[in-house]
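Here the structure comes first, spelled out in structure tokens, and everything after it is commentary.
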Amino acid sequence: MGTDRIREAFEQARAGGRIALVPYVTVGFPEIDLTTEIVRAVVDGGADVVELGVP
Numbered sequence: 002m003g004t005d006r007i008r009e010a011f012e013q014a015r016a017g018g019r020i021a022l023v024p025y026v027t028v029g030f031p032e033i034d035l036t037t038e039i040v041r042a043v044v045d046g047g048a049d050v051v052e053l054g055v056p
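Using my numbering, the first residue of the sequence shown is number 2, and each one after it goes up by one.
Below is the structure:
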């Protein structure tokens, strides 16, 4: 996600009168195979942006 898309996500949240939800997901924790499933779950749960951490 580029900076323009991140900015747009924050602007859309602000326009909707809410704070952007930006969860942090550590890639590979608890298991590498679950990372995609976890990211999809937080997006389905309403995340505006997902920050990925690579240990």
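Quick reminder that beta carbons are idealized off the backbone N, C-alpha and C, glycines included.
Locate the alpha helix (DSSP H) running through V44, then write down its first and last residues. V44 -> alpha helix (DSSP H) spans 36 to 45.
From the DSSP output, read off the bridge partner residues of V26. V26 pairs with L53.
If you reduce the DSSP assignment to three classes, tell me which class A16 lands in. Correct three-state label for A16: helix.
Spatial distance of D45 from P56 (CA atoms): Roughly 24 angstroms separates the two Cα atoms.
Check A10 in the structure and name its three-state DSSP category. It is helical.
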